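Worksheet for the structure shown next.
Residue numbers (the numbering used here), protein chains in the order written: chain A, 1 to 341; chain B, 1001 to 1284.
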């Protein structure tokens, strides 16, 4: 039996059916990310586990116990919210001690636990500061410390980094992952950012319109998307119908499924290379957009626009409207379903 | 030149307000302070007016009665307001706007019309009193509206709509995330409100307390109509000193007004001290 089990979870808000029969298992010590666009039901599923939303159909098991209708107070779950969740009238240390006081922990022990948690998030010197005196990143680190100081069975992170600037966000991703591994605490992380999900997760559960679109390791989801949605959401794949694919490569393949091609698997050159097990076709550069260390080209091939990524190096930039040759390994053309089965 | 014109425009904009403050607040205040240190004849400096206030039992009783009904009606009103505003803050849509309209309406229902309404209901021949006498419900049958304790109900009544309307926005300060975080840490609702909700709302609650306190302290029409001079209250005493039938004593009236002003200032000072305590850390 898995540590956390969601069985046929259904949840509606009025006429809006948000969760449609979710079945999901999470193993002990695992960090699972619920990934998906806004409104896909990821936060609702998390809140159902926390007991902050009532499940209308289905059951939730935690550590072998049915907690579907257990009061949120008694579930022993720690949670970090998107923002502003620290009690503003209490200092950082008081925020952390709040849950320990309810546990009736001895004062000395409480002090030790609080300072150990603060040390873990690197904010020992801020123990007497109020939340209003901390930066957004520091506040979220305190929120994380507060969530783990009571030693919950599960840690829930509901888009905790979404209000934090990009650089700090990357540092915090690593920090959270490090702490999670150190404590070996079962964690469910919610995000709509696929890069964040890739960096942090043991497994990713991709949600779309209240259903699980795909579940797997970051590598498997990235390299083997099963549906058009997964391909489009996780890796900026070029997704096309079979007939469009035929038009792209200039030959008939008799494929029955849509085809997904990752932009970085398309190689661009000035001349044809005549490679084995590759499709090679000619196109015209429509535009190029620098995306950090990657240059993303939009290339028109027989009236079909596709994206191709190359490393951003000044000596290999192709001008707009220039003719280029594209080569694509056959094994990198993936069949994807229309929707999740 | 442009800046000079801009500044001139700004001054012109605030000039009418400045005049109103000067002539309707500053001048009467200064005049009241000056008069409070003058003999009633208007000539010669004296401290006699203040000495009388703190020596004669009639004035001390007036201060005591006024403080009793003001503090008690403010505290009781505030407690009722808190729960009403809490219930309203959880509601949305049509029901909430209906209640808000009702509160707006009743907050303007005060003074003489309100007193008459209470006389009709709870006066010696009031509807509820007569019905209670018929059915033998003693607490209401023997209700004496024309006493300090009897008037208390009217004071609380007019504190409720105003206090609820003033408290309602402070409930928006209490974030859902705090309630949920506390709940996940096994905190019951009472603990949340006592340790987080109310302390966060405290500046707003104390602001409302100030308003209700001043509202009750300065209430004149209700006690004048119901008890007049049979129960001594500061506002009635002050007016008597200026428009009394027997003898007018503007010096003593001004001194009583200064005492009333001092009571308000002490109350505001104390609430500000409390406010500062509760605002710790919440401001950057």
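We put the CB at the ideal spot given by N, CA and C, even for glycine.
These numbers were taken from a predicted model, which means no experiment stands behind them.
Bridge partners - residue i, DSSP secondary structure assignment
| i | result |
| --- | --- |
| residue 325 (chain A) | A:269, A:282 |
| residue 1233 (chain B) | In the DSSP output, where bridge partners are listed per residue, residue 1233 (chain B) has none listed. |
| residue 335 (chain A) | A:259 |
| residue 253 (chain A) | According to DSSP, residue 253 (chain A) bridges with nothing at all. |
| residue 6 (chain A) | A:24, A:60 |
| residue 296 (chain A) | A:289, A:309 |
| residue 13 (chain A) | A:16 |
| residue 238 (chain A) | A:261 |
| residue 158 (chain A) | A:190 |
| residue 301 (chain A) | A:304 |
Contacts around residue i, its chain only, beta-carbon distance under 7 Å, and the 5 residues preceding and following it disregarded
| i | result |
| --- | --- |
| residue 298 (chain A) | 286, 287, 305, 307 |
| residue 1062 (chain B) | 1232, 1233, 1234, 1237 |
| residue 8 (chain A) | 21, 23, 57, 58 |
| residue 138 (chain A) | 123, 126 |
| residue 2 (chain A) | 25, 26, 27 |
| residue 268 (chain A) | 297, 308, 310, 318, 324, 326 |
Any non-hydrogen atom of the ligand FMN within 7 Å of residue i CB
| i | result |
| --- | --- |
| residue 45 (chain A) | With respect to the ligand FMN, the structure offers nothing, as it holds no ligand at all. |
Contacting residues, own chain, Cβ-Cβ under 6 Å from residue i (five flanking each side not counted)
| i | result |
| --- | --- |
| residue 4 (chain A) | 26, 62 |
| residue 1127 (chain B) | 1121 |
| residue 154 (chain A) | 77, 186 |
| residue 1252 (chain B) | 1049, 1241 |
| residue 361 (chain A) | The requested residue 361 (chain A) does not occur in the structure, where chain A is confined to residues 1 to 341. |
| residue 1279 (chain B) | 1203 |
| residue 95 (chain A) | 86, 87, 146 |
Nonlocal neighbours in the same chain, by C-beta distance under 8 Å from residue i, ignoring five residues either side
| i | result |
| --- | --- |
| residue 1284 (chain B) | Residue placement at residue 1284 (chain B) is poorly supported in this model, since its pLDDT is 48, which falls under 50; the coordinates still yield a value, given next. Taken in chain order, the list of residues that qualify is empty. |
| residue 1147 (chain B) | 1227, 1231 |
| residue 1082 (chain B) | 1167, 1205 |
| residue 1069 (chain B) | 1148, 1151, 1152, 1155, 1216, 1233 |
| residue 365 (chain A) | Residue numbering for chain A in the displayed model covers 1 to 341; residue 365 (chain A) lies beyond these limits and cannot be assessed. |
| residue 1086 (chain B) | 1171 |
| residue 274 (chain A) | 280 |
| residue 1012 (chain B) | none |
8 Å contact criterion, which residue i and residue j should meet: CB distance rounded
| i | j | result |
| --- | --- | --- |
| residue 272 (chain A) | residue 280 (chain A) | 6 Å |
| residue 157 (chain A) | residue 121 (chain A) | Incorrect: roughly 13 Å between the Cβ atoms, too far for contact. |
| residue 225 (chain A) | residue 260 (chain A) | 6 Å |
| residue 52 (chain A) | residue 188 (chain A) | Actually they are not in contact, since the Cβ atoms of residue 52 (chain A) and residue 188 (chain A) sit about 13 Å apart, beyond 8 Å. |
| residue 80 (chain A) | residue 163 (chain A) | Not really, about 12 Å apart at Cβ, beyond 8 Å. |
| residue 301 (chain A) | residue 215 (chain A) | That pair is no contact at about 34 Å. |
| residue 100 (chain A) | residue 108 (chain A) | So it is not a contact: roughly 12 Å between Cβ atoms. |
| residue 1221 (chain B) | residue 1112 (chain B) | 5 Å |
| residue 1035 (chain B) | residue 1254 (chain B) | 4 Å |
| residue 296 (chain A) | residue 263 (chain A) | 7 Å |
| residue 1088 (chain B) | residue 1096 (chain B) | 6 Å |
| residue 1175 (chain B) | residue 84 (chain A) | 6 Å |
| residue 40 (chain A) | residue 207 (chain A) | 4 Å |
| residue 1265 (chain B) | residue 1211 (chain B) | Wrong, their Cβ atoms sit about 15 Å apart, outside the cutoff. |
| residue 38 (chain A) | residue 257 (chain A) | Wrong, their Cβ atoms sit about 28 Å apart, outside the cutoff. |
| residue 200 (chain A) | residue 179 (chain A) | Going by Cβ atoms, the distance from residue 200 (chain A) to residue 179 (chain A) rounds to 11 Å, so no, they are not a contact pair. |
| residue 1187 (chain B) | residue 67 (chain A) | That pair is no contact at about 18 Å. |
Residue-chain proximity (residue i, chain E), Cβ-Cβ < 8 Å
| i | result |
| --- | --- |
| residue 1025 (chain B) | The chain labelled as chain E is not found among the protein chains of the depicted structure, namely A and B. |
The stretch 1153–1178 of chain B: positions lying closer than 7 Å to chain A by Cβ: 1175, 1177, 1178
Under 8 Å (Cβ pairs) to chain B, residues found in the stretch 57–81 of chain A: 72, 73, 74, 75, 77, 78, 79, 81
Identify every run of the alpha helix (DSSP H) within the stretch 28–101 of chain A, keeping only runs that are complete inside it and at least 4 residues long; order them along the chain. 42–50
Please go through the stretch 1108–1140 of chain B and give each complete alpha helix (DSSP H) segment of 4 or more residues, from N-terminal end onward. 1111–1122, 1127–1135
Just list the alpha helix (DSSP H) runs in the stretch 173–232 of chain A, keeping only unbroken ones of 4 residues or longer that don't cross its boundaries, in chain order. 194–200, 218–223
Cβ-based contacts, 9 Å cut-off: residues of the stretch 1067–1098 of chain B near chain A: none
With 7 Å as the limit, tell me which residues of the stretch 1188–1207 of chain B have their beta carbon closer than that to any beta carbon of chain A; keep them in chain order. 1196, 1199, 1200
Which complete alpha helix (DSSP H) runs does the stretch 99–141 of chain A hold, if anything under 4 residues is left out? 107–120
Note down, one range per segment and in chain order, each alpha helix (DSSP H) of at least 4 residues found wholly within the stretch 1012–1086 of chain B. 1027–1036, 1048–1055
If the cut-off is 8 Å on Cβ atoms, which residues from the stretch 1236–1256 of chain B count as contacting chain A, listed in chain order? none
Residues, ordered as in the chain, of the stretch 23–46 of chain A that lie near chain B by beta-carbon distance below 9 Å: none
In chain order, what are the residue ranges of uninterrupted alpha helix (DSSP H) at least 4 long that sit wholly in the stretch 1177–1239 of chain B? 1189–1192, 1198–1217, 1221–1226
Name, going along the chain, the residues of the stretch 90–105 of chain A whose beta-carbon falls closer than 8 Å to a beta-carbon of chain B. 90, 91, 98, 99, 102, 103
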